[in-house]
Amino acid sequence: MGATWDIEAPQVNEVVQTVGGHVGGDDGEGGLVAKIETFGGHVEDAGTAAASGPIGTALEEFVTEYGQTLQSMVLKTAAAINGCVKATGYYLEGNLQMAADAQSNADNIDSLDL
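Spelled out as structure tokens, the structure:
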């Protein structure tokens, strides 16, 4: 494992709570998660309000080009938070190998329950 760890769980918890609040809100359904879910509708409303074919087309192309990237950004952030929590838990239990494994898998979005 090479590197040594010196984790202070209260500080990790503070950071995780702050970042988690930005990503999922207080209830897990707000924050960036909610913004991404309503993003397409808001862009569509903006296109309608602009009452301009070229602007509507540009907004539609933007969503097509970047919509999936924005969703992936939220999922990766959630995966990082989840991995951090798991790694810290294993560290506190004294299982440094599982902590290292959790840390190295922190970018895996396949197992997220979102």
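Once you know that position 5 of the sequence shown is 3 in this note's numbering, the rest is easy, because the numbers rise by one and skip nothing. Every residue, glycine too, gets a C-beta built ideally from N, C-alpha and C.
Within 10 angstroms of the Cβ of residue i, are there 16 or more other Cβ atoms? Answer buried if so, exposed if not.
{"i": "residue 89", "result": "buried"}
{"i": "residue 86", "result": "buried"}
{"i": "residue 2", "result": "exposed"}
{"i": "residue 75", "result": "buried"}
{"i": "residue 13", "result": "exposed"}
{"i": "residue 19", "result": "exposed"}
{"i": "residue 5", "result": "exposed"}
{"i": "residue 100", "result": "buried"}
{"i": "residue 24", "result": "exposed"}
{"i": "residue 93", "result": "exposed"}
{"i": "residue 80", "result": "buried"}
{"i": "residue 50", "result": "exposed"}
{"i": "residue 38", "result": "exposed"}
With DSSP collapsed to three states, give me the class of residue i.
{"i": "residue 6", "result": "coil"}
{"i": "residue 25", "result": "coil"}
{"i": "residue 105", "result": "coil"}
Answer yes if the segment 51 to 71 comes into contact with the segment 23 to 39, meaning at least three C-beta pairs across the two stretches below 8 angstroms, and no otherwise. yes
Counting only runs of 4+ residues fully inside the segment 50 to 102, write out the alpha helix (DSSP H) ranges in chain order. 51 to 91 and 94 to 102
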